[in-house]
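So in our numbering the end of the sequence shown lands on 399, straight run, no missing numbers.
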Amino acid sequence: MDTRPILLVDDDMEMRRAIQETLNRKGFPTEEASDGLQALERISKGGLRMVISDVRMPVMDGLALLREVRRRHPEVIRFVLTGQTDDESVYRTVGDAHQFLMKPCPPDVLKNAIGRALALRERLANPAVASLATEMGELPSLPETYRQLCDELNSPEGSVANVGRIIERDPAMTAKILQLVNSAFFGLRRPVSTASQAVAMLGLETIRSLVLGVGLFSHFERLQFAEGFSLHNLWDHSMETARAVRVICDMEKISPADTDALYTAALLHDAGEALLASGPREYFGHCAAFAVLNEVSLENAEREVFSCTHAELAAYLLGIWSLPDIIVEAVLFHHHPEEVNGEGLHGPLVLFCADVLCGHSDRVWSAHPDMEQPIKLLCGKGLEEKFGAWRKRWEEIQS
1 MDTRPILLVD DDMEMRRAIQ ETLNRKGFPT EEASDGLQAL ERISKGGLRM
51 VISDVRMPVM DGLALLREVR RRHPEVIRFV LTGQTDDESV YRTVGDAHQF
101 LMKPCPPDVL KNAIGRALAL RERLANPAVA SLATEMGELP SLPETYRQLC
151 DELNSPEGSV ANVGRIIERD PAMTAKILQL VNSAFFGLRR PVSTASQAVA
201 MLGLETIRSL VLGVGLFSHF ERLQFAEGFS LHNLWDHSME TARAVRVICD
251 MEKISPADTD ALYTAALLHD AGEALLASGP REYFGHCAAF AVLNEVSLEN
301 AEREVFSCTH AELAAYLLGI WSLPDIIVEA VLFHHHPEEV NGEGLHGPLV
351 LFCADVLCGH SDRVWSAHPD MEQPIKLLCG KGLEEKFGAW RKRWEEIQS
């Protein structure tokens, strides 16, 4: 059992002690700090597995603290727990915090969030995934334009105009973003001719998600793929799934922050397919042949041939990039949301349903050759009626 403590950082001693009592009662050892500098001093000594920090504190605020923790100790899990409800605080933590929780946070919600974060890292520590990633050579790095956008949005002086200028510094990125924004995927009533216009029309978070997706797929365009794999089809499916995610989130009134995160997850959910298809050719061919001969899904064939799946490989990459847990978890479990310890309509289940709405079974890489598994899962969650409403709305949009 991992006995490394969780560090609680909050200038409110009563709040700190209340959280400490909750976590100790749930079996999580804790330590505490009253400000960011005190926390950094403790973190530098090592031996921590997680930091849970408030945002607004004297000396050093929580956002600056988590940014430093990410830079110096990327292996430490980073949570924000705050009473501030403005979206700006949420967006400014992207990349620096793995999860964002609101005060007052019910004990079971906090316990489950911590448990899921720890379970996610245990799953991503699969030696087979790390071995395959090493065998493939250099994995894609986080797109530089995306990194610059995060820095800009983390800045108090961040603005739409500045975001537009950052994108326009990269002509290839600008061209791809404008091509996407003016495509049928977004259905805008008038054409968009500049990156700044695109940001104003779609919003900062949608543009940030697109920059991340476009940056990753631009890396893939330089690779050689096995015969039978289409990067173009994969990107189209990813974009379509992202649209379906927004439909579900809008209908279910999921928070804007979680909607944006799941939109990003949808854009990246099948990136592992491209990674597998760009690896040793005989593996890809063997995988496809195994699926056909044994009448199993290609996901099961991936497990047999690679000892891991495309979902695990993509989640491993996103974990290296330190993307928020809601994104990594949704990608990792998008074929098997039943494995997530959570009630109701959680992120992996939203992405799973969007994937099914977009006819995942029509594509070569299919984990669901028919609707039997999705229907069983949805019935088990009591969501069959909701899914029918989502499908009806999706078909209306498509017509």
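Don't be surprised by glycine CBs; every beta carbon is placed ideally from N, CA and C. Owing to the predicted nature of the structure, the values given are computational and were not obtained by experimental measurement.
**OP:** Please state if the CB of residue 331 and the CB of residue 314 are separated by a distance shorter than 8 Å.
**Re:** Along the sequence shown, read from residue 1 onward, the residue named residue 314 stands at position 314. Along the sequence shown, read from residue 1 onward, the residue named residue 331 stands at position 331. Against a cut-off of 8 Å, the Cβ pair of residue 331 and residue 314 comes out as a contact.
Do the CB positions of residue 54 and residue 11 come within less than 8 Å of each other?
The count along the sequence shown starts at 1 and reaches residue 54 at position 54. The count along the sequence shown starts at 1 and reaches residue 11 at position 11. Contact check for residue 54 against residue 11 passes: the beta carbons are separated by less than 8 Å.
May I ask which residues mark the beginning and end of the alpha helix (DSSP H) holding residue 25? Residue mapping note: residue 25 aligns to position 25 of the sequence shown, counting from 1. Note, residue 25: alpha helix (DSSP H), 13-25.
Buried or exposed (CB count within 10 angstroms, at least 16 for buried), residue 130 = Walking along the sequence shown from the start, residue 130 turns up at place 130. Answer is exposed; the Cβ neighbour count stays below 16.
Can you tell which of 153, 113 and 149 has its C-alpha closest to the C-alpha of residue 80?
On the sequence shown, position 80 is the one that residue 80 refers to. Considering only alpha carbons, the answer is 113.
Legend entry - Reduced DSSP secondary structure (H/G/I, E/B, other) of residue 450: Residue coverage of the chain in this structure runs from 1 to 399, which leaves residue 450 outside it and unanswerable.
| query | Where do the N-terminal and C-terminal ends of the alpha helix (DSSP H) with residue 420 fall, by residue? | reply | Nothing can be reported for residue 420, as the shown portion of the chain is limited to 1 through 399.
| said: Let's see if you can read the secondary structure: which residues bound the beta strand (DSSP E) around residue 225? | reply: Here residue 225 is taken as the residue at index 225 of the sequence shown, counted from 1. Where residue 225 is concerned, there is no enclosing beta strand (DSSP E), given that its DSSP letter is neither H nor E.
(message) Which residue wins for smallest C-alpha separation from residue 140, given the options 154, 268 and 345?
(response) Numbered from its first residue, the sequence shown carries residue 140 at position 140. If we check each option's Cα against that of residue 140, 268 comes out closest.
Query raised in the report: Taking the runs of the alpha helix (DSSP H) that are 4 residues or longer, which of them lie wholly in the segment 273-350?
Result: 281-294, 298-306, 310-320 and 325-332
Practice task
Express the C-alpha separation of residue 46 and residue 224 in angstroms, rounding to a whole number.
Solution key: Position 224 of the sequence shown, counting from 1, holds the residue named residue 224. Position 46 of the sequence shown, counting from 1, holds the residue named residue 46. One Cα belongs to residue 224, the other to residue 46, and the distance between them is close to 42 Å.
Hey, out of 34, 77 and 74, whose CA is closest to residue 59's CA? In the sequence shown, residue 59 corresponds to position 59, counting from 1. Each of 34, 77 and 74 was checked against the Cα of residue 59, and the nearest Cα belongs to 34.
**OP:** Reducing DSSP to helix, strand and coil, say where residue 193 ends up.
**Re:** Residue 193 sits at position 193 when you count from the first residue of the sequence shown. The three-state reading of DSSP puts residue 193 in coil, since its state is none of H, G, I, E or B.
Query raised in the report: Can you tell me the Cα-Cα spacing of residue 221 and residue 172, whole angstroms?
Result: Working through the sequence shown from its first residue, we reach residue 221 at position 221. Working through the sequence shown from its first residue, we reach residue 172 at position 172. Distance between the alpha carbons of residue 221 and residue 172: 13 Å.
Quiz prompt | Cβ-based neighbour list, residue 13, same chain, cut-off 8 Å, excluding 5 preceding and 5 following | solution = Here residue 13 is taken as the residue at index 13 of the sequence shown, counted from 1. These residues qualify, in order along the chain: 34.
Buried versus exposed call for residue 108 [16 or more other C-beta atoms within 10 Å across all chains shown]: On the sequence shown, position 108 is the one that residue 108 refers to. Classification of residue 108: exposed, given that the 10 Å Cβ count is below 16.
* What is the DSSP secondary structure of residue 78, reduced to helix, strand or coil? -> Within the sequence shown, the letter at position 78 stands for residue 78. In this structure, residue 78 counts as strand in the three-state DSSP scheme.
Measuring only the C-alpha atoms, how far is residue 369 from residue 283? Locating residue 369 in the sequence shown gives position 369, where the first residue counts as 1. Locating residue 283 in the sequence shown gives position 283, where the first residue counts as 1. Because the pLDDT of residue 369 is 45, which lies under 50, any placement of that residue in the model is unreliable, and the number read from its coordinates should be weighed accordingly. Taking the straight line joining both Cα atoms gives about 22 Å.
Margin query: If you follow the beta strand (DSSP E) that residue 51 is in, where does it begin and where does it stop?
Written below: For the purposes of this step, residue 51 is identified with residue 51 of the sequence shown, where counting begins at 1. Segment 50-53, the beta strand (DSSP E) holding residue 51.
* To do: Excluding the 5 residues preceding and the 5 following residue 205 in the sequence, name in chain order all residues of the same chain whose CB lies nearer than 6 Å to its CB.
  => As a first step, residue 205 must be located in the sequence shown, where it is residue number 205. Closer than 6 Å at the Cβ level, and outside the excluded window around residue 205, lie 260.
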